[in-house]
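Enquirer: Just so we're aligned: the sequence shown equals residues 1 to 942 in the numbering used here. Encoded as structure tokens, here's the structure I'll be asking about.
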Amino acid sequence: MRPYGDATEAMPHDGPHDGRGAGAGAGDHRPAWPFVGRAAETRAAVARLGRQGEPGVLLVGEAGVGKSRLLDPIVLRCRDEGMHVVVTAGAEASSGLPFATMAALLPEQVHRDTANVFAAAAGALREAAGDRTCVVVIDDVHHLDEVSVALVQHLAATAGARVLATARTGRTDAPAVAALLRRPFVQTSAVEPLDRATVGTLLGAALDGPVDGLTVDRLWRVTRGNPLFLRHLVEACLTSGTLRRVSEMWRWKGRIPSQHRLRDLVAGLLGGLTGDEARALSYVAHAEPVSLDVIEALVDTSVLVELEQRALIAVERVRRDLVVRLGHPLYGETLRARSGADERRDVYRTLARAVVHGRAPVGQARLRAVTWQLAAGDPVPGDQVVGAASDALTRCDAPLAERLARHAGTTAGADVLARALVAQDKATEAEYLLGRRMSGGTGSPDELAKVAALRALNLFWNLRRPAEAAEIVRQARAAGPLDGEATAELAVAELALIAFGDGATGLVSELVPADLAQLSAGVRDGVIASVCDPLQAYLNIYLGRPTRVADGYAAGRLGAPRVWGAMGAATAACHVQSLALAGRLDEAFAVARSGYRVAVEQEASAEAALLTFELGICEVWAGRPSRALPHFREARTLLDRNVPFPIQIYVFAEHAACLAAVGRFDEGRRTLEEITRRLPATSNLHSHLDLARLRVDALADGNRAGSGIGGETEAEADRAKVAEAGASLGMRYRSAGWFTKAVEAFYHSVRLRPSRAVAEALHEVVARCDSELFTLFDRHGRAAADGDVDGLVSVADELAERGYNSLAREALSTATDFAARRGADRLAARLRIQGRGLAQLCEGYGPPWAVRAEPQAALSERERETCELAAGGMTNDAIAEHLGLSRRTVANHLQRAYGKLGVRGREDLAEALGLPRPVPPVGLTWLSPDPPGDGTGPDRLP
Numbered sequence: 001m002r003p004y005g006d007a008t009e010a011m012p013h014d015g016p017h018d019g020r021g022a023g024a025g026a027g028d029h030r031p032a033w034p035f036v037g038r039a040a041e042t043r044a045a046v047a048r049l050g051r052q053g054e055p056g057v058l059l060v061g062e063a064g065v066g067k068s069r070l071l072d073p074i075v076l077r078c079r080d081e082g083m084h085v086v087v088t089a090g091a092e093a094s095s096g097l098p099f100a101t102m103a104a105l106l107p108e109q110v111h112r113d114t115a116n117v118f119a120a121a122a123g124a125l126r127e128a129a130g131d132r133t134c135v136v137v138i139d140d141v142h143h144l145d146e147v148s149v150a151l152v153q154h155l156a157a158t159a160g161a162r163v164l165a166t167a168r169t170g171r172t173d174a175p176a177v178a179a180l181l182r183r184p185f186v187q188t189s190a191v192e193p194l195d196r197a198t199v200g201t202l203l204g205a206a207l208d209g210p211v212d213g214l215t216v217d218r219l220w221r222v223t224r225g226n227p228l229f230l231r232h233l234v235e236a237c238l239t240s241g242t243l244r245r246v247s248e249m250w251r252w253k254g255r256i257p258s259q260h261r262l263r264d265l266v267a268g269l270l271g272g273l274t275g276d277e278a279r280a281l282s283y284v285a286h287a288e289p290v291s292l293d294v295i296e297a298l299v300d301t302s303v304l305v306e307l308e309q310r311a312l313i314a315v316e317r318v319r320r321d322l323v324v325r326l327g328h329p330l331y332g333e334t335l336r337a338r339s340g341a342d343e344r345r346d347v348y349r350t351l352a353r354a355v356v357h358g359r360a361p362v363g364q365a366r367l368r369a370v371t372w373q374l375a376a377g378d379p380v381p382g383d384q385v386v387g388a389a390s391d392a393l394t395r396c397d398a399p400l401a402e403r404l405a406r407h408a409g410t411t412a413g414a415d416v417l418a419r420a421l422v423a424q425d426k427a428t429e430a431e432y433l434l435g436r437r438m439s440g441g442t443g444s445p446d447e448l449a450k451v452a453a454l455r456a457l458n459l460f461w462n463l464r465r466p467a468e469a470a471e472i473v474r475q476a477r478a479a480g481p482l483d484g485e486a487t488a489e490l491a492v493a494e495l496a497l498i499a500f501g502d503g504a505t506g507l508v509s510e511l512v513p514a515d516l517a518q519l520s521a522g523v524r525d526g527v528i529a530s531v532c533d534p535l536q537a538y539l540n541i542y543l544g545r546p547t548r549v550a551d552g553y554a555a556g557r558l559g560a561p562r563v564w565g566a567m568g569a570a571t572a573a574c575h576v577q578s579l580a581l582a583g584r585l586d587e588a589f590a591v592a593r594s595g596y597r598v599a600v601e602q603e604a605s606a607e608a609a610l611l612t613f614e615l616g617i618c619e620v621w622a623g624r625p626s627r628a629l630p631h632f633r634e635a636r637t638l639l640d641r642n643v644p645f646p647i648q649i650y651v652f653a654e655h656a657a658c659l660a661a662v663g664r665f666d667e668g669r670r671t672l673e674e675i676t677r678r679l680p681a682t683s684n685l686h687s688h689l690d691l692a693r694l695r696v697d698a699l700a701d702g703n704r705a706g707s708g709i710g711g712e713t714e715a716e717a718d719r720a721k722v723a724e725a726g727a728s729l730g731m732r733y734r735s736a737g738w739f740t741k742a743v744e745a746f747y748h749s750v751r752l753r754p755s756r757a758v759a760e761a762l763h764e765v766v767a768r769c770d771s772e773l774f775t776l777f778d779r780h781g782r783a784a785a786d787g788d789v790d791g792l793v794s795v796a797d798e799l800a801e802r803g804y805n806s807l808a809r810e811a812l813s814t815a816t817d818f819a820a821r822r823g824a825d826r827l828a829a830r831l832r833i834q835g836r837g838l839a840q841l842c843e844g845y846g847p848p849w850a851v852r853a854e855p856q857a858a859l860s861e862r863e864r865e866t867c868e869l870a871a872g873g874m875t876n877d878a879i880a881e882h883l884g885l886s887r888r889t890v891a892n893h894l895q896r897a898y899g900k901l902g903v904r905g906r907e908d909l910a911e912a913l914g915l916p917r918p919v920p921p922v923g924l925t926w927l928s929p930d931p932p933g934d935g936t937g938p939d940r941l942p
């Protein structure tokens with residue numbers, strides 16, 4: 001058994017350790033530094049972590065203030081309260097390696113597909129936590145690599161993990177910290193230095209005896225309440241003899257040590273180490289966290305025991321393995337800063353030899369060994385470099401994979417290099433390598449087919465050369481039978497070209513696998529697998545399954561970070577689209593806003609373009625086209641002409657319809673003409689523009705009718721033509737299998753001109769879909785076709801509750817028309833009042849076929865005058881005196897007006913008449929109420 005202390009998920013500390021010191025004092029006295037003075041911070045952090053729906057906790061403080069030490073009681077208290085806690089930490093020495101410190105959160109075996117790593121990690125965390133709150137603890141989070149941060153974000157978003165992290169003051173702008181604050185997954189909580197009284201308590205406990213007040217005050221003032229500084233200063237004073245026990249009281253006599261800053265004390269401490277101790281710490285400083293087996297192969301066990309007892313290193317257990325870290329990050333910073341280039345090369349060379357000694361390393365160990373060998377300037381076998389580069393690519397670190405692959409000098413290395421270049425959108429060099437690989441003809445048909453799949457995707461997505469991409473896929477298909485992996489990867493490329501490209505129209509049922517959830521099952525190439533999420537989401541959305549897509553994102557099956565970063569924007573856009581089409585508009589807004597902020601901060605124009613576009617879509621669904629217009633304009637500005645056609649189509653189509661919605665009909669039509677000219681004549685994407693043309697025509701024709709005799713009949717005739725065209729387009733979409741587009745076309749048609757036949761067609765298509773929003777569309781269409789007032793009002797209420805205010809206003813407008821035609825004037829008037837509230841939410845917008853002139857002419861001139869005075873706050877007596885009428889006449893005018901307007905009393909008149917609610921002027925005639933039973937009739941309808 002190894003003679004180390006308890007290594008059960010121990011953490012490195014930046015404050016005093018229980019029962020351990022870092023030096024010897026007079027009489028070899030080693031203070032035992034307890035944990036004191038943080039009870040309030042502990043309670044507050046645990047309480048916040050236990051409250052779902054709130055950000056987690058980011059403890060921020062200066063070096064040595066006790067952030068890491070504070071994690072211990074918080075973790076213990078969380079576990080006592082039944083939470084499931086997983087602990088890990090960042091390390092500067094490993095910040096350039098993906099997942100280097102994330103072993104506690106990763107599955108035992110890292111799958112070649114990184115998305116499966118994320119999904120497996122989320123699944124394992126959910127399984128381990130059960131129904132308990134799960135807390136992920138990350139010490140020194142500012143040192144996490146980009147992929148590890150993405151994993152933490154994924155676990156927080158999909159597995160419900162609460163985040164507890166620490167960061168040093170001044171490092172909250174580090175990418176890892178900024179990413180967690182942005183969502184926000186954490187909220188900062190300052191860890192302040194200890195006050196004078198707490199320092200006195202700590203000194204008394206550590207020195208096991210009372211300390212005089214002057215000594216406490218001097219130590220507090222010198223250290224400013226920093227526990228690590230205090231510990232090292234006390235140990236230096238014990239060593240020098242300036243701090244000693246006098247008459248059972250500890251006193252400090254003499255000068256302050258020359259090393260009067262914390263970093264000076266740390267440097268002095270490390271400078272006094274023996275040669276073996278210094279070498280051991282140097283190995284850990286350049287490699288932490290590093291396997292204990294590696295360090296034990298280089299350093300005598302007795303040295304490690306001594307270093308651990310002095311809290312200069314800490315041994316942690318991560319699953320079945322023991323790893324070594326430094327006792328505090330300052331130790332590593334000091335050691336690395338003073339090591340020269342030759343010394344660093346020697347350290348890396350020695351570490352690499354210890355790793356590869358006796359066995360060929362794999363996975364993370366191989367990646368570390370190869371990077372150390374290259375850092376030492378040593379030759380590395382090509383197969384080891386290629387394996388390490390592949391490991392880096394698997395872990396979503398394409399830049400590292402590129403750097404490693406360039407050292408390989410082999411065909412396999414060139415293949416990995418090409419994949420890394422595609423993942424970084426370095427398309428031209430990637431095309432050169434892939435083209436040379438295919439033209440050389442070296443390799444089996446299966447290997448060349450995999451190269452062809454990657455090359456086709458690079459040509460199409462990165463270089464915007466779809467015709468060449470399609471030809472490469474065709475040639476690879478014609479080369480002969482392929483194995484399952486090659487077939488799967490080629491199928492992804494082929495399906496992407498059909499879904500996102502401009503190939504000939506085909507039957508979706510023949511092009512889409514029976515179960516799109518299995519799309520990436522046979523794909524081993526992580527770059528090609530990156531295409532699967534947006535492709536799967538896109539196809540499922542337009543096959544009528546947006547809820548399945550939205551749930552896939554929520555469960556973590558979709559949306560995990562992929563090695564090909566450009567796919568992230570398309571995936572995020574599909575996420576927003578699925579939420580909006582599933583009837584979850586508030587969630588769609590939140591995802592779009594969060595993603596847009598990230599894209600802007602990262603200066604990713606393509607991602608920002610897609611997400612501002614999706615924000616515009618959300619505003620349109622909310623019934624606010626004037627707010628949507630700037631988003632569409634920004635999307636068009638940010639997208640260049642080389643963006644794949646489907647994205648261009650959607651942006652231009654929605655921009656055109658939005659222009660028409662705000663009355664700029666000619667601009668809307670010119671926008672559609674522009675994108676039509678860009679689109680190849682043979683493209684199957686023309687059908688996506690047809691619905692946009694119908695929307696523009698309906699909006700323009702509805703406003704063209706004018707006010708002349710017969711104008712309304714002309715508008716209705718135009719509307720009937722557009723409705724008929726919409727129904728025909730819906731049939732085309734349904735035949736092609738694009739059920740979501742069919743729902744949109746049929747729904748638009750039945751709103752323009754209610755028809756039982758179209759409502760039935762809509763009902764049939766909605767039955768094939770999984771969206772609750774589409775079910776509301778179905779109910780809306782059938783209620784409109786049947787003249788069902790109650791059904792329309794019910795649909796309007798549910799649409800409004802979900803935030804689809806313009807559609808709710810349309811349903812209510814149709815219900816109002818039906819009620820008015822049947823002579824239900826009071827009901828119609830009440831519905832008009834309800835409609836005014838929706839009009840305010842839509843900021844005045846309403847399509848012309850849903851906006852009706854208020855029938856206020858039904859009020860006589862005297863009735864309206866009476867109502868306006870009553871709405872202004874005048875009593876019946878005051879109105880009678882003002883108009884020269886009797887009180888009974890005033891009451892009769894109000895009674896008739898209440899019935900016509902559909903209101904129950906004078907307090908509803910201002911809203912019914914569209915008047916602002918006034919502040920009644922001071923005066924007895926406004927302040928005195930009508931007495932009950934005054935013979936003028938009731939003031940409210942029963």
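All C-beta atoms in this analysis are idealised placements derived from N, C-alpha and C, irrespective of residue type, glycine included.
Span of the alpha helix (DSSP H) holding H286?
Expert: Per DSSP, H286 belongs to the alpha helix (DSSP H) from 275 to 287.
Enquirer: Just confirm the distance between the C-beta atoms of R802 and G623, as a whole number of angstroms; I'd bet it's less than 8 Å.
Expert: No, R802 and G623 are not in contact; Cβ-Cβ is about 12 Å, not under 8 Å.
Enquirer: Going by beta carbon distance, what residues of the same chain come within less than 6 Å of L511, once the five residues before and after it are set aside?
Expert: Low per-residue confidence applies at L511: pLDDT is 46, beneath 50, and the placement is therefore not dependable, though the value from the model is reported in the following sentence. Within the same chain, L511 has close Cβ partners I498.
Enquirer: Going by other Cβ atoms of all chains shown within 10 Å of its Cβ, with 16 needed for buried, is D391 buried or exposed?
Expert: Its Cβ being crowded by 16 or more others within 10 Å, D391 is buried.
Enquirer: What is the DSSP secondary structure of W252, counted as helix, strand or coil?
Expert: Residue state, collapsed to three classes: strand.
Enquirer: Can we say the region 581 to 588 touches the region 540 to 557, given the rule of at least three CB pairs closer than 8 Å?
Expert: With a cut-off of 8 Å, the region 540 to 557 and the region 581 to 588 count as touching, because enough Cβ pairs lie within range.
Enquirer: Does the region 94 to 105 touch the region 222 to 241, meaning 3 or more C-beta pairs lie closer than 8 Å?
Expert: The region 222 to 241, when compared against the region 94 to 105, does not touch it at the 8 Å Cβ threshold.
Enquirer: Using the beta-carbon count (16 or more within 10 Å), is P31 buried or exposed?
Expert: It is buried - the Cβ of P31 has at least 16 other Cβ atoms within 10 Å.
Enquirer: For C867, which of helix, strand or coil comes out of DSSP?
Expert: Note: C867 maps to helix in three-state DSSP.
Enquirer: Checking 7 Å against the spacing of the C-beta atoms, do E619 and R627 come in under that value?
Expert: In contact: E619 and R627 (Cβ atoms closer than 7 Å).
Enquirer: Taking DSSP as the reference, what is the three-state secondary structure of G905?
Expert: Of the three classes helix, strand and coil, the one that applies to G905 here is coil, per DSSP.
Enquirer: Would you report the Cα separation of S530 and Q536, rounded to the nearest angstrom?
Expert: Straight-line Cα distance between these residues: approximately 11 Å.
Enquirer: Just how far apart, CA to CA, sit R887 and E881?
Expert: C-alpha separation (whole angstroms): 8 Å.
Enquirer: My understanding is that A93 touches G556, with C-beta atoms under 8 Å, so please give their C-beta distance in whole angstroms.
Expert: The pair is not a contact, with the Cβ atoms about 30 Å apart (cut-off 8 Å).
Enquirer: Could you tell me the distance, in whole angstroms, from the CA atom of G568 to the CA atom of T169?
Expert: In a straight line, the C-alpha of G568 is about 31 Å away from that of T169.
Enquirer: In terms of residues, what are the limits of the beta strand (DSSP E) holding Q187?
Expert: 186 to 190 is the span of the beta strand (DSSP E), which, as asked, contains Q187.
Enquirer: By DSSP, does T612 sit in helix, in strand, or in coil?
Expert: Helix at T612.
Enquirer: Rounded to the nearest angstrom, what separates R545 and I472 at their Cα positions?
Expert: Cα to Cα, R545 sits roughly 31 Å from I472.
Enquirer: Just to check my reading of the structure: L326 and A285 have Cβ atoms closer than 8 Å, yes? What is that Cβ distance to the nearest angstrom?
Expert: Right, the Cβ-Cβ distance comes to about 6 Å (below 8 Å), so this counts as a contact.
Enquirer: Mind the definition here: the region 447 to 464 touches the region 418 to 426 only if three or more C-beta pairs lie below 8 Å; say whether that holds.
Expert: Result yes; three or more Cβ-Cβ pairs closer than 8 Å.
Enquirer: From the DSSP output, which residues share a beta bridge with C134?
Expert: DSSP, once it has assigned bridges, lists H84 as partnering C134.
Enquirer: Exposed or buried, what is G616 when buried is set at 16 or more other beta-carbons lying within 10 Å of its beta-carbon?
Expert: Classification of G616: buried, given that the 10 Å Cβ count is 16 or more.
Enquirer: For a test of the three-state rule: what should DSSP assign to S771, helix, strand or coil?
Expert: Coil at S771, not helix or strand.
Enquirer: Going by the CB atoms, is the gap between L831 and A871 shorter than 7 Å?
Expert: No, Cβ-Cβ distance for A871 and L831 is not below 7 Å.
Enquirer: Mapping DSSP to helix, strand and coil, what is T166?
Expert: Correct three-state label for T166: strand.
Enquirer: According to DSSP, simplified to helix, strand and coil, what is G90?
Expert: G90: coil per DSSP, three-state reduction.
Enquirer: Should V370 and V347 be called a contact, given that it needs their Cβ atoms to be closer than 7 Å?
Expert: No, the Cβ-Cβ distance between V370 and V347 is not below 7 Å.
Enquirer: Apart from the five residues just before and just after A761, which ones in its own chain have a Cβ nearer than 6 Å to its Cβ?
Expert: Around A761: F746.
Enquirer: Assign D397 to one of two classes, buried (16 or more other C-beta atoms within 10 Å of its C-beta) or exposed (fewer than that).
Expert: Classification of D397: buried, given that the 10 Å Cβ count is 16 or more.
Enquirer: Sort A165, R263, V356 by Cα distance to A297 and report the nearest one.
Expert: The shortest Cα separation from A297 among A165, R263, V356 belongs to V356.
Enquirer: Around the Cβ of P534, are there at least 16 other Cβ atoms within 10 angstroms (buried) or fewer (exposed)?
Expert: Buried, by the Cβ-count rule.
Enquirer: The ligand FMN and D208: does any heavy atom of the ligand fall closer than 6 Å to the residue's C-beta?
Expert: With respect to the ligand FMN, the structure offers nothing, as it holds no ligand at all.
Enquirer: With DSSP as the reference, label R319 as helix, strand or coil.
Expert: If DSSP states are grouped into helix, strand and coil, R319 belongs with coil.
Enquirer: Are the Cβ atoms of Y733 and A742 separated by less than 7 Å?
Expert: Cβ distance < 7 Å, so Y733 and A742 count as in contact.
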